[in-house]
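Asker: Chains A and B, in that order, give the protein sequences. The opening position of the first sequence corresponds to residue 1 in the working numbering, with each subsequent residue numbered one higher. The opening position of the second sequence corresponds to residue 1001 in the working numbering, with each subsequent residue numbered one higher. Even for Gly, the Cβ is constructed at its ideal location relative to N, Cα and C. Note that the structure is predicted; figures quoted are calculated from it, not measured. Here it is: the structure, laid out below.
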Amino acid sequence: MAAGPALGVEERLPQERQATRGMTAGGGCCKPRQASLRRTGGTVIEINDLYKYYGERKAVGPLSCTIEAGEIVGLLGLNGAGKTTTLRVLACDLLPSSGSVKVDGLDVVDHPHEVRSRIGYLPDTPPLYAEMTVREYLIFAARLRGMTAEAAEKRVPEVEASTQLDGVRDDVISSLSHGFRQRVGIAQAIVHRPRLLVLDEPISGLDPVQIVEMRELLRSLAGEHTILLSSHILQEISETCDRILVIRDGVIGASGTESELSTQLLQNVRVEVTARHPRDDYRSAAERVRTLLAAIPGVLSVEREPDEVTQVGEGLSTYLVEAQGDVREAICETLVKNAVGVLELKRRERALESVFLQLAASDDQGPRAPRTRKRAARPAPTEASRGGQS
Amino acid sequence: MRNTLLLAGRELSAYLRSPLGYVVIAAALLIDGILFYAFALGSSAGARLSADVLQNFFYYASGTTMIAAIALSMRLIAGEREAGTLVLLNTAPIKDGEIVAGKFLSALCFVAALTALTAYMPLLIFVNGRVSVGHILVGYVGLLLLGAAALAIGLFASTLAKSQVIAVILGAAILGTLVLLWTAARATDPPLNTFISGLALHHDRQKPFMTGVLKLENVVFYLAITWFFLLAATKTLEARRWR
Chain A
1 MAAGPALGVE ERLPQERQAT RGMTAGGGCC KPRQASLRRT GGTVIEINDL
51 YKYYGERKAV GPLSCTIEAG EIVGLLGLNG AGKTTTLRVL ACDLLPSSGS
101 VKVDGLDVVD HPHEVRSRIG YLPDTPPLYA EMTVREYLIF AARLRGMTAE
151 AAEKRVPEVE ASTQLDGVRD DVISSLSHGF RQRVGIAQAI VHRPRLLVLD
201 EPISGLDPVQ IVEMRELLRS LAGEHTILLS SHILQEISET CDRILVIRDG
251 VIGASGTESE LSTQLLQNVR VEVTARHPRD DYRSAAERVR TLLAAIPGVL
301 SVEREPDEVT QVGEGLSTYL VEAQGDVREA ICETLVKNAV GVLELKRRER
351 ALESVFLQLA ASDDQGPRAP RTRKRAARPA PTEASRGGQS
Chain B
1001 MRNTLLLAGR ELSAYLRSPL GYVVIAAALL IDGILFYAFA LGSSAGARLS
1051 ADVLQNFFYY ASGTTMIAAI ALSMRLIAGE REAGTLVLLN TAPIKDGEIV
1101 AGKFLSALCF VAALTALTAY MPLLIFVNGR VSVGHILVGY VGLLLLGAAA
1151 LAIGLFASTL AKSQVIAVIL GAAILGTLVL LWTAARATDP PLNTFISGLA
1201 LHHDRQKPFM TGVLKLENVV FYLAITWFFL LAATKTLEAR RWR
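Set out below in structure tokens:
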């Protein structure tokens, strides 16, 4: 038999977690932010020199990375970059052409059944049987993953509750909305308490409300599962994931948090300074501050926000300083010594969109605009694009 | 075995919840009934022995059983692939052989049910005639074995095809070739014709069952054909992971 009974699955998982706690965290190209880890449990995914070919065409490779227990990692890339192929190999739906892919130390080629029992996989289109009710489908999915009928009957209501499917549990799947179908897809992926959740475009096609709900659902699952999800929606990856793997032409182009990715690309630091000037001598004072800032060693350029942005009436002016290295202390010191009131001084992170355009787009193709959603909390698009050009 | 039964149960339930199952059963019973009345039982068939009537019934029923088996099997894998649900099975901790076995078992149960529903026709012979119950039973064993082989062929075609339409065409082509091998045997010289004739799915293999003769070699032949195509289907599923 490929899989043991459900009780076996449920009993085995805590032991596996216990066993893997002692494992050394893998290095690879991806070091997680330790502070963001919700649970320590060693390396869950280890990919070394993975190649996958479709006939003569290379879809992925060479791809190497390591993912630690408890992380939510986003696989970000343009369409055709190799995201889905990588996830399918991880889920044992496809076999690698070469290289090694290990989940919990188990190779996907040598131990496919053991790996599958540890993984919950949601493909880009949820694999749902339209004629079944939600309850029937989830019980079938649970039993398919090795649970006994009794264990499945007990587990499925818990999953329905955690994915907020209680209200539609007796509905036929064909009658559900897209958002609910995605939820059912996630429910089938977590029903057997997998150690690793692999989700391919889980937010694709959802409306804004459903996206927020899905993000909350994914964050709530992070305590129990390690999650690897793919998306080409930049902000969603940024908001949901602890760490981002940028994939381009089947290769991991960069890895890290949004801030780390910005730093990797951004050689020059951008600092935003807001200063107060005397209202009666606003123009000359602003020009004086600009000169002072430009004279600071390391500063490459100083731009003052246009008057329609700067609060002239309040005597406030904002400057964008571009410098080699972090010059915030020097700016503060210079302005204070020259009796300029400093209201705000902050380093500007490079917008993920700009980073993504550089990392994900092919050199020969030039950058292609990724799909983005408007978000109020983000810097204005014009600023983001300006940052990308620096 | 547990996974096989689980999959078979779900598949049977899907047959009963979709129009396909009912349409196939209704169409097969209708055609069987018409053929039985017109060519086996009816006046146009002329006066004949009850055993001849029964033999004719099994002859026509074998045709509808093969067609029904191909129609039922087209959705087994290709339908899942079209609906995007095959990935659920591919990523579950079950073997490809269990997937194939579960699918086959469910379709076989459905074909068995369909075959059982035709039982009223041989029983009608008892109104004005007399046939051996053993003859009826052997005939049905032949129908089931032929149905199983046709299902295995259809299932194999379903693993190859991306869509149900292609699956049914491919399945029908393979089945038709195997059925018509006896005509190729006529056009060839010994000993090749014996070999080709021996591979023919219907002609010489099914006739003994129709006449109430149970030969072990024929049973083994149908089981071997079924096993071969199920194995081919399993290997095709496995190979698709490497593609």
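#1: Just the chain A side, please: which residues come within less than 7 Å of B:Trp-1242 by C-beta, in chain order?
#2: For B:Phe-1058, count neighbouring Cβ atoms within 10 angstroms of its own Cβ and tell me buried if that reaches 16, exposed if not.
#3: What residues match up with A:Gly-410 in a beta bridge as DSSP calls it?
#4: Should A:Glu-344 be labelled buried (16 or more other beta-carbon atoms within 10 Å of its own) or exposed?
#5: Measuring alpha carbon to alpha carbon, tell me which residue in A:Asp-93, A:Arg-181, A:Arg-183 and A:Ala-69 is nearest A:Thr-226.
#6: Could you tell me the distance, in whole angstroms, from the CA atom of B:Thr-1177 to the CA atom of A:Lys-83?
#7: Give a yes or no on whether the minimum CB-CB distance between A:Glu-131 and chain B is below 7 Å.
#8: Along the chain, where does the beta strand (DSSP E) that runs through A:Ile-429 open and close?
#9: What's the C-alpha gap between A:Glu-56 and B:Leu-1029?
#10: Is it right to say A:Glu-158 is buried, meaning 16 or more other beta carbons lie within 10 angstroms of its own, or is it exposed?
#11: In chain A, which residues lie less than 9 Å from B:Val-1087 when you measure between Cβ atoms?
#12: Can you give the Cα-Cα distance for A:Thr-43 and B:Ala-1083, rounded to whole angstroms?
#13: Taking only three categories from DSSP, how would you classify A:Pro-62?
#14: Is there a Cβ from chain A that is less than 7 Å from the Cβ of B:Thr-1177?
#15: Where DSSP assigns a beta bridge to A:Tyr-54, which residues make up the other side?
#16: Applying the 10 Å Cβ sphere with the 16-neighbour rule, what's the burial state of A:Ser-284?
#17: Which residues in the same chain have their Cβ closer than 6 Å to the Cβ of B:Gly-1147, if we skip the five residues on either side of it in sequence?
#18: What first and last residue would you give for the beta strand (DSSP E) that runs through A:Thr-226?
#19: Determine the chain A residues that contact B:Ala-1224 at a beta-carbon separation under 8 Å, and present them in chain order.
#20: CA-CA distance, B:Ile-1225 and B:Val-1100?
#21: Examine the Cβ distances between the stretch 206–225 of chain A and the stretch 173–187 of chain A and report whether three or more of them are shorter than 8 Å.
#22: Let me make sure I understand the geometry here. Which of B:Ala-1232, B:Phe-1104 and B:Ala-1116 has the alpha-carbon closest to that of B:Gly-1009?
#23: Looking at the unbroken beta strand (DSSP E) that takes in A:Val-302, where does it start and where does it end?
#24: Quick test of your reading: A:Leu-206 and A:Gly-179, contact by CB under 8 Å. State the CB separation rounded to the nearest angstrom.
#25: Tell me which residue opens and which closes the beta strand (DSSP E) that B:Val-1131 is part of.
#26: Determine, for B:Gly-1296, whether the minimum Cβ-Cβ distance to residues of chain A falls below 7 Å.
#27: Entirely within the stretch 152–219 of chain A and at least 4 residues each: give me those alpha helix (DSSP H) ranges in chain order.
#28: What would DSSP say about A:Glu-344, mapped onto helix, strand or coil?
#29: Determine the burial state of A:Pro-208: buried for a count of at least 16 other Cβ atoms within 10 Å of its Cβ, exposed for fewer.
#30: Taking Cβ-Cβ distances below 8 Å as the criterion, which residues of the stretch 177–201 of chain A are in contact with chain B?
#31: Does the CB of B:Leu-1006 have a neighbour CB from chain A at under 7 Å?
#32: With DSSP as the reference, label A:Val-246 as helix, strand or coil.
#33: Count the other C-beta atoms from every protein chain shown that fall within 10 angstroms of the C-beta of B:Val-1220, then say buried if there are 16 or more, exposed otherwise.
#34: Need the endpoints of the beta strand (DSSP E) that A:Lys-102 sits in, please.
#35: Check whether chain A comes within 7 Å of B:Pro-1019, counting only Cβ atoms and requiring the distance to be less than that.
#36: Chain A partners of B:Ala-995, CB-CB under 9 Å?
Answerer: Well, looking at it:
#1: Near B:Trp-1242 (Cβ distances below 7 Å), the residues of chain A are Leu-95.
#2: Per the 10 Å Cβ criterion, buried.
#3: Nothing about residue 410 of chain A can be reported from this structure: the residues present for chain A run from 1 to 390 only.
#4: Counting Cβ neighbours within 10 Å, A:Glu-344 comes out exposed, since fewer than 16 surround it.
#5: Measuring C-alpha to C-alpha distances from A:Thr-226 to each of A:Asp-93, A:Arg-181, A:Arg-183 and A:Ala-69 identifies A:Ala-69 as the nearest.
#6: Put simply, the backbone Cα of B:Thr-1177 is about 43 Å away from that of A:Lys-83.
#7: Interface criterion met: the Cβ of A:Glu-131 is under 7 Å from a Cβ in chain B.
#8: This structure gives no information on residue 429 of chain A, because the portion of chain A shown stretches from 1 to 390.
#9: Taking the straight line joining both Cα atoms gives about 50 Å.
#10: That one is exposed.
#11: Within chain A, the residues near B:Val-1087 are Arg-88, Ala-91, Asp-93, Tyr-121, Pro-123, Thr-125 and Pro-127.
#12: A:Thr-43 and B:Ala-1083: Cα-Cα distance of roughly 34 Å.
#13: A:Pro-62 falls in the strand class under three-state DSSP.
#14: No, because no Cβ of chain A sits closer than 7 Å to the Cβ of B:Thr-1177.
#15: Paired residues: A:Arg-57.
#16: It is exposed - the Cβ of A:Ser-284 has fewer than 16 other Cβ atoms within 10 Å.
#17: Cβ neighbours of B:Gly-1147 beyond the five flanking positions: Thr-1065, Ala-1069 and Val-1111.
#18: For A:Thr-226, the uninterrupted beta strand (DSSP E) segment begins and ends at 226–231.
#19: Result: empty, since nearest Cβ-Cβ is about 26 Å, beyond 8 Å.
#20: Per the coordinates, the alpha-carbon of B:Ile-1225 lies some 15 Å from the alpha-carbon of B:Val-1100.
#21: Flag = yes, the stretch 206–225 of chain A and the stretch 173–187 of chain A touch.
#22: Minimum Cα distance to B:Gly-1009 is reached at B:Phe-1104.
#23: Where A:Val-302 is concerned, the enclosing beta strand (DSSP E) stretches over 299–304.
#24: Confirmed, Cβ separation roughly 6 Å.
#25: Here B:Val-1131 belongs to no beta strand (DSSP E), and DSSP marks it neither H nor E.
#26: Outside the displayed range of chain B (1001 to 1243) lies residue 1296 of chain B, so it cannot be described from this structure.
#27: Fully enclosed alpha helix (DSSP H) runs of 4 or longer: 178–190.
#28: Three-state DSSP puts A:Glu-344 in a strand.
#29: That one is exposed.
#30: Of all residues in the stretch 177–201 of chain A, Gln-188 have a Cβ within less than 8 Å of some Cβ in chain B.
#31: So yes, B:Leu-1006 belongs to the interface.
#32: Three-state result, A:Val-246: strand.
#33: B:Val-1220 counts as exposed, since fewer than 16 other C-beta atoms from the protein chains shown sit within 10 angstroms of its C-beta.
#34: If you look at A:Lys-102, you'll find it in the beta strand (DSSP E) that goes 98–103.
#35: At a cut-off of 7 Å, the C-beta of B:Pro-1019 has no neighbouring C-beta in chain A.
#36: Examination of residue 995 of chain B is not possible in this model, given that chain B is present from 1001 through 1243 alone.
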